[in-house]
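Visitor: The structure's right below; bear with me while I get my questions together.
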């Protein structure tokens with residue numbers, strides 16, 4: 300593995316103090332730790348040689364190394380005799396990126412070793428590095444995993460709050476938008492709904508992964524960490540439910556605007572039909588009088604045009620009276 304694959308590495312004690320490790324410290328082996336210490340190694344899983352390092356230096360099986368350093372993995376957790384792996388997702392808050400293009404964060408935890416991998420920067424790991432700089436790092440591996448997962452969910456929650464505000468704004472605007480100006484608002488609805496669907500697609504399996512983590516993890520450094528894990532799972536469940544609620548609300552808004560568009564179109568077609576009905580008889584009469592054959596009544600009379608105009612006016616007046624009587628207009 301090249302030195303460029305290493306983002307950071309620390310040896311952290313239970314007082315929250317972290318000591319940086321460089322490439323030379325981990326390139327050929329994992330440094331030893333005291334009972335009250337653990338090592339955090341953070342890698343870019345897209346860099347060359349990461350998988351080989353996981354297999355040859357850390358001693359992971361090929362299948363585990365593949366799961367930690369390949370594309371297309373879903374949020375999940377798997378327990379093994381010598382540790383467990385976890386894959387979570389965080390929103391993409393990097394410049395010129397869509398938050399819904401969630402970034403995969405992979406974890407391997409074994410004894411006093413935590414290895415994390417990602418392919419794009421994640422604010423959650425920045426938070427942990429800042430905590431280390433302030434001598435307030437996670438105290439143990441359980442604390443580390445829960446802190447990272449909580450920071451990931453915290454930012455998902457912020458994105459959900461922003462989408463909720465967007466939905467509230469769209470609901471308010473739909474009451475004021477003219478019937479013939481609903482297309483821009485419908486496009487906004489489509490964008491919000493698309494974001495919700497993409498976020499939920501990753502967060503729903505993450506909810507299941509965290510639930511399995513709480514259920515199947517056999518030992519905890521302290522019972523409070525298990526309570527934190529349950530609270531985190533509950534919050535993830537609430538976020539998934541919030542996604543579903545927002546999606547239903549935006550669907551209702553879209554359906555209301557579609558109904559307005561349909562009503563406007565039906566009204567337009569109705570009046571076009573009424574106008575066509577009014578002109579159909581007089582079009583028939585004028586067409587009949589326009590044929591180029593002999594015997595057309597009043598063809599030579601100076602009052603022929605006036606007479607025909609009066610007859611057509613009478614026909615139109617009769618039609619209007621008839622349509623009103625039939626309550627068509």
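Numbering (the working numbering), first residue to last: 300 to 628.
All C-beta atoms in this analysis are idealised placements derived from N, C-alpha and C, irrespective of residue type, glycine included.
Distance check for residue 379 and residue 397, CA to CA, integer angstroms please.
Guide: Using only the alpha carbons, I get a separation of about 35 angstroms.
Visitor: How many angstroms separate the CA atom of residue 322 from the CA atom of residue 339?
Guide: Their backbone Cα atoms lie some 13 angstroms apart in a straight line.
Visitor: Three-state secondary structure (DSSP) at residue 339?
Guide: In the structure shown, residue 339 sits in a strand (DSSP, three-state: E or B).
Visitor: Would you call residue 331 buried or exposed, if buried means 16 or more other Cβ atoms sit within 10 Å of its Cβ?
Guide: Looking at its Cβ environment, which holds fewer than 16 other Cβ atoms inside 10 Å, residue 331 is exposed.
Visitor: Comparing C-alpha positions only, which one of 407, 499, 538 and 590 sits nearest to residue 449?
Guide: If we check each option's Cα against that of residue 449, 538 comes out closest.
Visitor: Considering only residues of the same chain and omitting the five flanking positions on each side of residue 312, which have a CB-CB separation below 7 angstroms?
Guide: Counting only Cβ-Cβ distances below 7 angstroms, and skipping sequence neighbours, we find 335 and 336.
Visitor: Using the DSSP secondary-structure output, state which residues sit across from residue 407 in a beta bridge.
Guide: DSSP output for residue 407 lists 384 and 414 as bridge partner(s).
Visitor: So, with DSSP's three-state summary, where would you put residue 448?
Guide: The answer is helix: DSSP assigns residue 448 an H, G or I state.
Visitor: Inspect the CB distances between the region 338-353 and the region 417-436 and report whether three or more fall short of 8 angstroms.
Guide: Contact holds: three or more Cβ-Cβ distances are below 8 angstroms.
Visitor: Please say whether residue 556 and residue 263 have beta carbons closer to each other than 7 angstroms?
Guide: In the structure as shown, the chain starts at 300 and stops at 628, and residue 263 therefore has no counterpart that could be examined.
Visitor: Kindly list the residues whose CB is nearer than 7 angstroms to the CB of residue 505, restricted to its own chain and excluding five residues on each side of it in sequence; keep chain order.
Guide: Cβ neighbours of residue 505 beyond the five flanking positions: 374, 387, 388 and 535.
Visitor: Taking C-beta to C-beta, are residue 399 and residue 494 nearer than 7 angstroms?
Guide: Against a cut-off of 7 angstroms, the Cβ pair of residue 494 and residue 399 comes out as a contact.
Visitor: Would you call the CB atoms of residue 309 and residue 431 closer than 7 angstroms?
Guide: Cβ distance < 7 angstroms, so residue 309 and residue 431 count as in contact.
Visitor: Going along the chain, which residues of its own chain have a beta-carbon closer than 8 angstroms to the beta-carbon of residue 487, five neighbours each way excluded?
Guide: Once the five neighbours on either side are set aside, the close Cβ partners of residue 487 are 465 and 469.
Visitor: Quick one, which of 356, 307 and 350 has its alpha-carbon nearest residue 327's?
Guide: Nearest of 356, 307 and 350 to residue 327, Cα basis: 356.
Visitor: Just reading off the beta strand (DSSP E) that residue 313 is part of, what are its end residues?
Guide: Run containing residue 313: none; DSSP gives neither H nor E here.
Visitor: Buried or exposed: where does residue 403 fall if 16 or more other Cβ atoms within 10 Å of its Cβ makes it buried?
Guide: Classification of residue 403: buried, given that the 10 Å Cβ count is 16 or more.
Visitor: Quick one, are the C-beta atoms of residue 413 and residue 512 less than 7 angstroms apart?
Guide: Cβ atoms of residue 413 and residue 512: not closer than 7 angstroms.
Visitor: Determine, using beta carbons only, whether residue 614 and residue 580 come nearer to each other than 7 angstroms.
Guide: Closer than 7 angstroms, so yes.
Visitor: Can you list, in chain order, the residues of its chain whose CB lies under 6 angstroms from that of residue 317, leaving out five sequence neighbours each side?
Guide: Answer for residue 317: 309, 311, 431 and 436, listed in chain order.
Visitor: How long is the line joining the alpha carbons of residue 551 and residue 530, rounded to whole angstroms?
Guide: Spanning the two alpha carbons is a distance of roughly 31 angstroms.
Visitor: Could you round the C-beta distance between residue 501 and residue 401 to whole angstroms and report it? I think they count as a contact, below 8 angstroms.
Guide: Contact holds; Cβ gap of about 5 angstroms.
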